[in-house]
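Student: Using the UniProt record's numbering, you'd call the opening residue of the sequence shown number 1 and step up by one each time.
Below are the C-alpha coordinates for one structure; questions will follow.
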Amino acid sequence: MTPVFRPFRPDDTEAVVALWDACGLLRPWNDPRRDIARKIAEQPELFLVAEQPDGVDGTEVVGVGMAGYDGHRGWVNYLAVRPDLQGSGLGRAFMAAFERLLAERGCPKVNVQVREGNEQVLGFYASLGYAPDRAVSLGKRLIADD
1 MTPVFRPFRP DDTEAVVALW DACGLLRPWN DPRRDIARKI AEQPELFLVA EQPDGVDGTE
61 VVGVGMAGYD GHRGWVNYLA VRPDLQGSGL GRAFMAAFER LLAERGCPKV NVQVREGNEQ
121 VLGFYASLGY APDRAVSLGK RLIADD
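Below, the structure written as C-alpha coordinates:
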(Lines of atoms letter the chains of each structure in order from A; the text may use other names.)
(Lines give C-alpha, C1' and ligand atoms only; values in the text may rest on other atoms or scores of the structure.)
Protein backbone atom coordinates (compact mmCIF):
# COMPACT_ATOMS: atom_id res chain seq x y z
CA MET A 1 0.00 0.00 0.00
CA THR A 2 1.35 3.39 -0.98
CA PRO A 3 1.25 6.06 1.72
CA VAL A 4 -0.52 9.32 0.90
CA PHE A 5 0.89 12.70 1.91
CA ARG A 6 -1.38 15.30 3.43
CA PRO A 7 -1.09 18.30 5.74
CA PHE A 8 -0.92 17.65 9.48
CA ARG A 9 -4.23 17.86 11.36
CA PRO A 10 -4.46 18.50 15.12
CA ASP A 11 -5.96 15.04 15.67
CA ASP A 12 -2.66 13.59 14.36
CA THR A 13 -0.77 14.90 17.40
CA GLU A 14 -0.53 11.73 19.48
CA ALA A 15 0.30 9.53 16.48
CA VAL A 16 3.03 11.97 15.42
CA VAL A 17 4.55 12.16 18.91
CA ALA A 18 4.49 8.34 19.14
CA LEU A 19 6.21 8.07 15.76
CA TRP A 20 8.91 10.57 16.76
CA ASP A 21 9.42 8.55 19.95
CA ALA A 22 9.67 5.26 18.01
CA CYS A 23 12.31 6.89 15.78
CA GLY A 24 14.35 8.24 18.70
CA LEU A 25 13.76 11.91 17.90
CA LEU A 26 12.42 13.05 21.26
CA ARG A 27 14.66 14.85 23.72
CA PRO A 28 13.85 15.84 27.33
CA TRP A 29 14.43 19.54 26.65
CA ASN A 30 11.93 19.64 23.74
CA ASP A 31 8.21 19.28 24.39
CA PRO A 32 7.00 17.76 21.10
CA ARG A 33 3.45 19.01 21.62
CA ARG A 34 4.76 22.55 21.97
CA ASP A 35 6.88 22.04 18.85
CA ILE A 36 3.72 20.94 17.01
CA ALA A 37 1.78 23.98 18.25
CA ARG A 38 4.61 26.25 17.14
CA LYS A 39 4.71 24.67 13.70
CA ILE A 40 0.98 24.87 13.05
CA ALA A 41 1.21 28.58 13.89
CA GLU A 42 3.92 29.11 11.23
CA GLN A 43 3.74 27.68 7.71
CA PRO A 44 1.43 24.78 8.64
CA GLU A 45 1.24 23.81 4.96
CA LEU A 46 4.84 22.63 5.31
CA PHE A 47 3.96 20.15 8.07
CA LEU A 48 3.19 16.87 6.32
CA VAL A 49 2.17 13.41 7.39
CA ALA A 50 2.07 10.22 5.36
CA GLU A 51 -0.78 7.87 6.06
CA GLN A 52 -1.78 4.48 4.81
CA PRO A 53 -4.73 2.17 5.43
CA ASP A 54 -4.45 0.51 8.82
CA GLY A 55 -5.85 -2.82 7.63
CA VAL A 56 -9.00 -2.43 9.68
CA ASP A 57 -11.27 0.46 8.79
CA GLY A 58 -9.15 3.59 8.89
CA THR A 59 -5.69 4.97 8.28
CA GLU A 60 -2.53 5.34 10.31
CA VAL A 61 0.30 7.85 10.29
CA VAL A 62 3.47 6.17 9.04
CA GLY A 63 5.65 9.22 8.40
CA VAL A 64 5.92 12.87 9.34
CA GLY A 65 8.10 15.86 8.62
CA MET A 66 8.26 19.61 9.09
CA ALA A 67 9.79 22.08 6.66
CA GLY A 68 10.17 25.82 6.78
CA TYR A 69 11.49 28.68 4.69
CA ASP A 70 12.87 31.88 6.20
CA GLY A 71 13.48 33.73 2.93
CA HIS A 72 17.12 32.65 2.85
CA ARG A 73 17.18 28.89 3.45
CA GLY A 74 14.76 26.04 3.67
CA TRP A 75 14.93 23.63 6.57
CA VAL A 76 13.60 20.14 7.15
CA ASN A 77 13.10 18.99 10.74
CA TYR A 78 11.57 16.08 12.60
CA LEU A 79 11.51 13.83 9.52
CA ALA A 80 10.49 10.37 10.71
CA VAL A 81 9.38 7.18 9.01
CA ARG A 82 7.95 4.28 10.97
CA PRO A 83 10.91 1.97 11.67
CA ASP A 84 9.52 -1.01 9.74
CA LEU A 85 9.08 1.21 6.66
CA GLN A 86 12.55 2.78 6.75
CA GLY A 87 14.34 1.94 3.53
CA SER A 88 11.04 1.73 1.63
CA GLY A 89 11.50 5.04 -0.20
CA LEU A 90 9.09 6.96 2.03
CA GLY A 91 11.79 9.24 3.47
CA ARG A 92 13.04 9.92 -0.06
CA ALA A 93 9.46 10.77 -1.12
CA PHE A 94 9.12 13.16 1.85
CA MET A 95 12.30 14.97 0.88
CA ALA A 96 11.21 15.20 -2.76
CA ALA A 97 7.89 16.70 -1.62
CA PHE A 98 9.63 19.19 0.66
CA GLU A 99 12.17 20.15 -2.00
CA ARG A 100 9.33 20.75 -4.48
CA LEU A 101 7.29 22.81 -1.99
CA LEU A 102 10.32 24.89 -1.02
CA ALA A 103 11.43 25.42 -4.65
CA GLU A 104 7.90 26.65 -5.45
CA ARG A 105 8.48 29.35 -2.81
CA GLY A 106 11.75 30.39 -4.45
CA CYS A 107 13.93 28.70 -1.86
CA PRO A 108 17.49 28.43 -3.22
CA LYS A 109 18.90 25.88 -0.75
CA VAL A 110 17.68 23.34 1.80
CA ASN A 111 19.47 22.49 5.03
CA VAL A 112 18.96 19.59 7.41
CA GLN A 113 20.48 18.99 10.80
CA VAL A 114 21.47 15.52 11.92
CA ARG A 115 22.61 14.67 15.41
CA GLU A 116 26.23 13.59 15.72
CA GLY A 117 26.71 9.87 15.47
CA ASN A 118 23.55 9.21 13.47
CA GLU A 119 25.43 7.58 10.60
CA GLN A 120 22.35 5.88 9.11
CA VAL A 121 20.60 9.21 8.63
CA LEU A 122 23.77 10.89 7.36
CA GLY A 123 23.98 8.14 4.73
CA PHE A 124 20.34 8.66 3.80
CA TYR A 125 20.85 12.39 3.20
CA ALA A 126 24.12 11.77 1.34
CA SER A 127 22.23 9.45 -1.03
CA LEU A 128 19.95 12.41 -1.81
CA GLY A 129 22.85 14.72 -2.62
CA TYR A 130 23.16 16.49 0.74
CA ALA A 131 26.71 17.17 1.91
CA PRO A 132 28.38 18.86 4.88
CA ASP A 133 28.35 22.65 4.57
CA ARG A 134 31.54 23.10 6.56
CA ALA A 135 29.49 25.14 9.02
CA VAL A 136 28.96 24.54 12.71
CA SER A 137 25.40 24.71 13.93
CA LEU A 138 25.02 26.60 17.18
CA GLY A 139 21.87 26.97 19.21
CA LYS A 140 20.49 28.95 22.10
CA ARG A 141 17.22 28.18 23.84
CA LEU A 142 14.96 31.25 24.09
CA ILE A 143 11.92 29.54 25.60
CA ALA A 144 12.29 26.58 27.96
CA ASP A 145 9.91 23.68 27.42
CA ASP A 146 9.95 22.56 31.06
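Think of the CB as a built atom: it goes at the ideal place given N, C-alpha and C, for glycine as much as any other residue.
Keep in mind the model is a prediction, meaning the values are calculated, not measured.
Who are the near neighbours of Arg73 in its chain, counting only those whose CB is closer than 6 angstroms to its CB and skipping five residues on each side?
Tutor: Only Lys109, Asn111 meet the Cβ criterion.
Student: Roughly how many whole angstroms lie between the Cα atoms of Arg82 and Asp21?
Tutor: Looking at the two C-alpha atoms, the distance is approximately 10 angstroms.
Student: Where does Trp29 fall in DSSP's three states?
Tutor: In this structure, Trp29 counts as coil in the three-state DSSP scheme.
Student: Is there contact between the stretch 1 to 12 and the stretch 118 to 134, where contact requires at least three CB pairs shorter than 8 angstroms?
Tutor: With a cut-off of 8 angstroms, the stretch 118 to 134 and the stretch 1 to 12 do not count as touching, because too few Cβ pairs lie within range.
Student: Please name the residue, chosen from Gly129, Ala18, Ala41, Asn30, that lies closest to Lys140 on a Cα-to-Cα basis.
Tutor: The option with the nearest alpha carbon to Lys140 is Asn30.
Student: Could you say which of Ala80, Ser137, Val136 lies nearest to Gly65 if we only look at CA atoms?
Tutor: Among Ala80, Ser137, Val136, the Cα nearest to that of Gly65 is on Ala80.
Student: Please state whether DSSP places Gly139 in a helix, a strand or coil.
Tutor: Of the three classes helix, strand and coil, the one that applies to Gly139 here is coil, per DSSP.
Student: Which residue marks the beginning of the beta strand (DSSP E) containing Glu51, and which one marks its end?
Tutor: Taken as a continuous stretch (DSSP letters only), the beta strand (DSSP E) holding Glu51 covers 47 to 53.
Student: When the Cα of Gln113 is compared with those of Arg33, Arg34, Asn77, which residue comes out closest?
Tutor: With distances taken between Cα atoms, Gln113 lies closest to Asn77.
Student: Just checking, does the stretch 84 to 96 make contact with the stretch 52 to 66 on the three C-beta pairs under 8 angstroms criterion?
Tutor: Yes, they touch.
Student: Spatial neighbours of Gln52 within its chain, please: CB distance less than 8 angstroms, with the 5 preceding and 5 following residues excluded, ordered by chain position.
Tutor: Only Met1, Thr2, Pro3, Val4, Thr59, Glu60, Val62 meet the Cβ criterion.
Student: If we call anything under 8 angstroms between Cβ atoms a contact, is Arg34 one with Asp146?
Tutor: Not in contact: Arg34 and Asp146 (Cβ atoms no closer than 8 angstroms).
Student: Output the distance between the C-alpha atoms of Arg100 and Ala67, rounded to the nearest integer angstrom.
Tutor: One C-alpha to the other measures close to 11 angstroms.
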